[in-house]
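In the working numbering, the protein residues as written are 143 to 753.
Beta carbons are placed, not taken as given, at the ideal position from N, Cα and C, and that holds for glycine.
Report on the structure given below.
In structure tokens:
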């Protein structure tokens with residue numbers, strides 16, 4: 143009987159390890175493992191006798207392991223190109239493509255799995271531009287590591303058992319998550335960057351410009367003194383932080399010598415800001431949000447237009463038309479794939495719809511490749527709005543307004559043609575046809591013929607011609623939103639852990655003046671102290687410290703959830719042991735922290751002593 147009990151325990155332990163290994167594989171493949179967690183928390187199976195256990199008693203576990211090894215579905219991102227990479231990485235058969243999709247050239251181009259172009263998610267290095275910093279260094283993965291090699295941003299929940307290697311799809315999602323983790327602190331760095339006078343000089347910038355401080359140039363100010371090829375006047379763009387709301391903005395200065403400052407000009411600028419204000423939240427527009435006059439930058443009094451800052455953004459010209467520098471020198475421009483061109487065209491159509499519906503015109507100058515910003519992977523925004531309206535004035539009649547809107551359509555077609563012909567000696571429809579599908583080439587030609595009575599005369603006709611490209615953009619946006627939601631859930635989990643660690647640090651070993659000196663060592667606080675040692679002060683058999691991030695994350699997550707699971711706590715002298723549940727520990731932490739909050743509120747209500 144005793145031997146049979148031992149065999150039972152051995153069998154149960156083997157089943158538990160198998161389920162734990164299954165949970166580990168499920169976590170590494172999908173980041174979830176809800177079914178596996180239920181299996182771990184369920185009661186184990188106890189056979190009546192070893193003789194009655196069939197040889198395939200672990201058949202359920204084996205079946206689940208087989209499913210866990212299958213390639214899971216993981217959204218590839220916001221573009222069809224990313225979905226193609228996911229399909230190519232899968233170890234299963236090639237994805238099914240309906241034959242009917244090949245009947246129409248546009249239909250075939252709309253299928254994300256059939257496109258052989260580069261992905262629609264460019265990641266150019268930050269360069270100088272209207273809302274970017276040329277000198278911003280690229281952040282590598284090593285910048286996010288502690289000196290001892292611990293990854294602060296890549297923590298994952300700990301699961302018992304041997305972790306299986308992640309699938310290729312999960313690895314791709316992990317790489318995207320790492321890129322996002324690196325981009326966010328880099329954007330914050332750019333938004334808060336200040337001039338290092340000793341290393342860079344002051345660039346001739348004052349410390350404060352009206353209500354804006356922390357000024358930093360977003361382009362070469364000396365080169366910006368030359369007249370702009372697009373606007374015909376010289377403009378300079380600098381970054382500033384508002385002292386009113388703490389938001390970083392881009393300040394565009396229009397040379398006062400070429401555009402003399404006056405009260406009428408300032409009033410007209412304020413009118414343009416108010417006219418574009420209803421479209422300020424549009425995802426594909428960067429509208430002006432303020433205007434003021436100042437002479438603190440030198441060169442006389444000049445007009446400043448305020449617009450949102452998009453840190454680390456580059457223009458489409460910098461991303462696709464200009465040569466890139468590398469270890470071997472200058473490289474050829476990187477033209478966008480046709481998938482990217484369709485995505486850009488859909489987003490530009492959305493910008494046209496918003497502006498034209500509000501009886502505004504974007505103006506062809508704002509649709510130049512050097513003025514359209516690539517603010518995040520795949521997302522473009524039309525910038526420099528309102529400048530041409532100040533330079534040449536508003537249209538005087540509805541016919542002129544209609545003509546300007548047709549010029550917007552032509553400018554969109556010219557922009558797509560220039561991007562498609564990146565690297566060519568001269569952009570043309572013939573060069574575009576050599577690298578793009580016939581449907582995209584015809585659509586670009588129809589757009590460029592809009593001012594001359596072509597078939598496309600409004601954004602409505604353009605959106606109808608886009609067809610399934612609109613659906614592809616919607617699908618990509620929804621998948622990207624789901625991926626961001628998963629990242630947000632993980633960061634929210636990390637935030638809860640930080641809150642728990644902060645409360646533990648405020649409770650334990652606290653030298654209070656009006657409290658019992660042993661307050662943090664008695665009662666519920668003693669259990670919290672033992673739990674702190676259990677979580678952070680683990681040691682091995684030889685007394686060496688165990689630095690297991692997974693154990694810490696798992697214990698804190700269980701404490702935050704208040705699970706009924708029992709945990710054994712041992713005193714430092716190893717003379718006493720306590721068995722307590724995570725639910726009881728959570729009540730202890732909340733009670734002790736509640737006492738501290740009550741004393742803090744009483745202290746604030748007391749009058750200050752007179753001196």
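| query | Nearest-angstrom Cα distance between residue 495 and residue 435? | reply | To locate residue 495, count along the chain shown from 1; it is residue 353. To locate residue 435, count along the chain shown from 1; it is residue 293. Cα-Cα distance, rounded: 32 Å.
| field | For residue 718, three-class secondary structure by DSSP | value | Locating residue 718 in the chain shown gives position 576, counting from the first residue. DSSP places residue 718 in coil when its eight states are reduced to three.
| Runs of alpha helix (DSSP H) lying entirely within the segment 554 to 584, each at least 4 residues, in chain order | 571 to 577
| said: Extract the residue ranges of the beta strand (DSSP E) inside the segment 364 to 447, only unbroken runs of 3 or more that lie entirely within it. | reply: 377 to 384, 390 to 396 and 432 to 436
| message | Quick check on this structure: which residue in 683, 322 and 457 has the alpha carbon closest to the alpha carbon of residue 513? | response | For this step, residue 513 is matched to residue 371 along the chain shown. The option with the nearest alpha carbon to residue 513 is 457.
| request: Compare the C-alpha of residue 711 against each of 693, 672 and 587 and name the closest. | output: Sequence index remark: in the chain shown, residue 711 carries index 569 (1-based). Ranking 693, 672 and 587 by Cα distance to residue 711 puts 672 first.
| task | Express the C-alpha separation of residue 421 and residue 634 in angstroms, rounding to a whole number. | result | Here residue 634 corresponds to residue number 492 of the chain shown, with the count starting at 1. Here residue 421 corresponds to residue number 279 of the chain shown, with the count starting at 1. Spanning the two alpha carbons is a distance of roughly 31 Å.
| Distance, Cα to Cα, residue 644 vs residue 331? | On the chain shown, position 502 is the one that residue 644 refers to. On the chain shown, position 189 is the one that residue 331 refers to. If you take the alpha carbons of residue 644 and residue 331, they lie about 26 Å apart.
| residue 612 to residue 486 span [Cα, whole Å] | Walking along the chain shown from the start, residue 612 turns up at place 470. Walking along the chain shown from the start, residue 486 turns up at place 344. Spanning the two alpha carbons is a distance of roughly 11 Å.
| message | Tell me which residues share the same chain as residue 525 and place their Cβ nearer than 6 Å to its Cβ, disregarding the 5 neighbours each side in the sequence. | response | Stepping through the chain shown from its first residue, residue 525 is reached at position 383. Result list for residue 525: 272, 428, 513 and 515, in chain order.
| Is DSSP giving residue 512 helix, strand or coil here? | Locating residue 512 in the chain shown gives position 370, where the first residue counts as 1. It is coil, neither helix nor strand.
| message | Only counting the same chain, and skipping five residues up and downstream in sequence, which positions put a Cβ closer than 6 Å to that of residue 708? | response | On the chain shown, position 566 is the one that residue 708 refers to. Result list for residue 708: 721 and 723, in chain order.
| Between residue 755 and residue 418, is the Cβ-Cβ spacing less than 8 Å? | What is shown of the chain runs 143 to 753, which leaves residue 755 out entirely.
| query | Relative to the C-alpha of residue 366, which residue among 565, 397 and 702 is closest? | reply | Taking the chain shown and counting its residues from 1, one reaches residue 366 at position 224. Checking every option, the nearest Cα to that of residue 366 belongs to 397.
| message | Please classify residue 216 as buried or exposed, where buried requires at least 16 neighbouring CB atoms within 10 angstroms. | response | The residue given as residue 216 occupies position 74 in the chain shown. Any answer about residue 216 is weak, because its pLDDT of 42 lies below 50 and its placement is not dependable; what the coordinates show is given next. Burial call: buried.
| field | Beta-bridge pairing of residue 354 - partner residues as DSSP gives them | value | Reading the chain shown from its first residue, position 212 is the one you call residue 354. Paired residue(s): 351 and 384.
| field | Start-to-end residues for the alpha helix (DSSP H) that takes in residue 711 | value | As a first step, residue 711 is located in the chain shown; it is residue number 569 there, counting from the start. Segment 708 to 712 is the beta strand (DSSP E) holding residue 711; no alpha helix (DSSP H) there.
| query | Are the beta-carbon atoms belonging to residue 426 and residue 500 less than 8 Å from one another? | reply | The residue you call residue 426 lines up with position 284 of the chain shown. The residue you call residue 500 lines up with position 358 of the chain shown. No, the Cβ-Cβ distance between residue 426 and residue 500 is not below 8 Å.
| request: Could you check what DSSP says for residue 473 in three-state terms: helix, strand or coil? | output: Indexing the chain shown from 1 puts residue 473 at position 331. Looking at residue 473 - three-state DSSP - the assignment turns out to be strand.
| task | Answer yes or no: do residue 566 and residue 573 have a C-beta to C-beta separation smaller than 8 Å? | result | Here residue 566 is taken as the residue at index 424 of the chain shown, counted from 1. Here residue 573 is taken as the residue at index 431 of the chain shown, counted from 1. The answer is yes: Cβ separation under 8 Å.
| If we call anything under 8 Å between Cβ atoms a contact, is residue 384 one with residue 345? | The residue given as residue 384 occupies position 242 in the chain shown. The residue given as residue 345 occupies position 203 in the chain shown. Not closer than 8 Å, so no.
| Secondary structure at residue 478, three-state DSSP: helix, strand or coil? | Start at 1 with the first residue of the chain shown, and residue 478 comes out as number 336. Coil at residue 478, not helix or strand.
| request: Could you check the C-alpha separation between residue 440 and residue 476 for me, to the nearest Å? | output: Here residue 440 refers to the residue found at position 298 of the chain shown. Here residue 476 refers to the residue found at position 334 of the chain shown. Going by the C-alpha atoms only, they are around 38 Å apart.
| Counting Cβ pairs, one atom from each stretch, are 3 or more of them under 8 Å apart for the segment 584 to 603 and the segment 541 to 551? | yes
| query | Measuring CB to CB, does residue 462 end up less than 8 Å from residue 557? | reply | Taking the first residue of the chain shown as 1, we reach residue 462 at position 320. Taking the first residue of the chain shown as 1, we reach residue 557 at position 415. Going by C-beta atoms, residue 462 is not nearer than 8 Å to residue 557.
| request: Leaving aside the five residues before and after residue 670 along the sequence, list all residues of the same chain whose C-beta is less than 8 Å from its C-beta, in chain order. | output: Sequence index remark: in the chain shown, residue 670 carries index 528 (1-based). Here the set comprises 646, 649, 650, 727, 730, 731 and 734.
| Sequence-distant residues of the same chain with beta carbon closer than 7 Å to residue 601, five excluded per side | The count along the chain shown starts at 1 and reaches residue 601 at position 459. These residues qualify, in order along the chain: 491, 494, 495 and 498.
| message | Could you check whether residue 356 and residue 388 sit closer than 8 Å to each other, using their CB atoms as the reference points? | response | Position 246 of the chain shown, counted from the first residue, corresponds to residue 388. Position 214 of the chain shown, counted from the first residue, corresponds to residue 356. It is not a contact, given that the beta carbons lie outside the stated cut-off.
| message | By alpha-carbon positions, which one of 687, 606, 702 and 517 ends up nearest to residue 640? | response | Translated into positions along the chain shown, residue 640 becomes position 498. That would be 702, whose Cα lies nearest to the Cα of residue 640.
| task | Could you check how far apart the C-beta atoms of residue 681 and residue 697 are, in whole angstroms? I think they sit under 8 Å. | result | Looking up residue 681 in the chain shown gives position 539. Looking up residue 697 in the chain shown gives position 555. So it is not a contact: roughly 15 Å between Cβ atoms.
| said: Tell me the rounded alpha-carbon separation between residue 372 and residue 609. | reply: Walking along the chain shown from the start, residue 372 turns up at place 230. Walking along the chain shown from the start, residue 609 turns up at place 467. In a straight line, the C-alpha of residue 372 is about 32 Å away from that of residue 609.
| request: Would you mind sorting residue 744 into buried or exposed? The rule is 16 or more other CB atoms within 10 Å of its CB. | output: Looking up residue 744 in the chain shown gives position 602. So residue 744 ends up on the exposed side.
| query | Can you give the beta carbon distance from residue 503 to residue 546, rounded, assuming they're within the 8 Å contact cut? | reply | Here the question's residue 503 lines up with position 361 in the chain shown. Here the question's residue 546 lines up with position 404 in the chain shown. Indeed, because the Cβ distance is near 4 Å, the residues count as touching under 8 Å.
| task | Check whether the Cβ of residue 687 lies closer than 7 Å to any heavy atom of the ligand GTP, and answer yes or no. | result | Summarising the ligand content, the structure contains no ligands, and the ligand GTP is consequently not present.
| On the three-state DSSP scale, how would you describe residue 519? | Residue numbering aside, residue 519 sits at position 377 when the chain shown is read from its first letter. Coil.
| task | State the start and end residues of the unbroken alpha helix (DSSP H) segment that holds residue 640. | result | Numbered from its first residue, the chain shown carries residue 640 at position 498. Segment 610 to 649, the alpha helix (DSSP H) holding residue 640.
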